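Asker:
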């Protein structure tokens, strides 16, 4: 009889363990639970404080590593060495970026040297351009040039000081980005196995829904962001080549990278170029046309409409409105990492809502089936 009662006792004990009242806890167990929760909260707070300055780099490394996994696995099957494949995979992405940055730095250095040696000539041309515009006929840049140069020198000194202060954070961020990407490439199978093992079976449906939505919205957001940045940079490059603007390629590269940051965007490139056309070239119509193309074509159409539309279509999880809300408010709330965090938050919310409403619907179906049919 004892053996017959054991399975039932075990089932009752398991049911009770899922619904334990606070009053049923023993004092030592309650004390242990409170201490463990307090210790966990303190450790999480310290961890968040420790990594908050490099959090963007860590998330970027994890996301890049996750999307490079297929290429890494393909390379690993041919080389037979996982670590070497991860190194080559990361190099395939970082080496072109280093070359682009080095080329842009060389071009900007040459332009800065030209500006330094031709200050008076540039000031005269700027004054002549201002005299052709309304309300600026009496401005003489030559008179204010020494004061402007002194102000720029002072700002340059403060910029160097700020750069020296942030160089440590920049180096650590780059290191964390590379290490996170390498770690995901090398150990992604163990990471997934560990996460699946830690998720309880009763939450498996919710976990699958959340993970599926997260993968879909992150893919859609990144695909749309990179595609629209490439399109915007191509338009900027085309306009620079049409109007024969100096540093046309470099300015297009700057437009591509600067568009990822909140507030600033491609307008910080085409707006100064349009002013350059109007003041230095005397091409007022060309400058105005560049402003119109840039504002309506790049800023409004591509950034505000095309990006969320493509992201919504690629994710197949959120519609245009929710993706627009996720991208815009995510970037302006969380900064650069908001490109990922914004869609992920709304994607997780949708997964929870779909799971809860789906469970409720499944719970109501048996009750509805048991109701006797009513007379016609």
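In our numbering, the protein residues as written are 15 to 390. Note that CB positions come from ideal geometry on N, CA and C, so glycine has one too. These figures come from a predicted structure and were not determined experimentally.
(1) Going by alpha carbons, who is nearest to residue 219 out of 303, 371 and 327?
(2) When you compare the CB positions of residue 199 and residue 79, do they come within less than 8 Å of one another, or not?
(3) Is there contact here, the segment 336 to 345 with the segment 353 to 369, by at least three beta-carbon pairs under 8 Å?
(4) Residue 257 by DSSP, collapsed to three states: which one?
(5) In terms of residues, what are the limits of the alpha helix (DSSP H) holding residue 92?
(6) Thinking residue 301 and residue 291 are a contact (beta carbons under 8 Å), I'd like their distance in whole angstroms, please.
(7) Does DSSP classify residue 331 as helix, strand or coil?
(8) From residue 124 to residue 116, what does the alpha carbon distance come to, in whole angstroms?
(9) Find out if the Cβ-Cβ distance for the pair residue 72, residue 65 is shorter than 8 Å.
(10) What does a CB cutoff of less than 6 Å around residue 264 pick up in its chain, not counting 5 residues either side in sequence?
(11) On a Cα-Cα basis, can you pick out the residue from 195, 102, 182 and 341 that is closest to residue 395?
(12) Determine the DSSP secondary structure at residue 321, reduced to helix, strand or coil.
(13) If contacts are defined as beta-carbon pairs under 8 Å, then residue 317 and residue 352 qualify, I think. What distance do you get, rounded to the angstrom?
(14) Distance, Cα to Cα, residue 15 vs residue 209?
(15) Taking the alpha carbon of residue 346 as the point to measure from, which residue in 273, 216 and 288 has its own alpha carbon closest?
(16) Under a CB-based cut-off of 8 Å, is residue 262 close to chain E?
Answerer: According to the structure data:
(1) 371
(2) yes
(3) yes
(4) coil
(5) 69 to 93
(6) 4 Å
(7) coil
(8) 13 Å
(9) yes
(10) 118 and 121
(11) Past the edges of the chain, shown from 15 to 390, lies residue 395, and the structure says nothing about it.
(12) helix
(13) About 14 Å; that fails the 8 Å criterion.
(14) At residue 15 the pLDDT is 46, less than 50, meaning the model places this residue with poor confidence; the figure from the coordinates comes in the next sentence. Using only the alpha carbons, I get a separation of about 41 Å.
(15) 273
(16) As a matter of chain content, chain E is missing from the structure shown, which is built from one protein chain.
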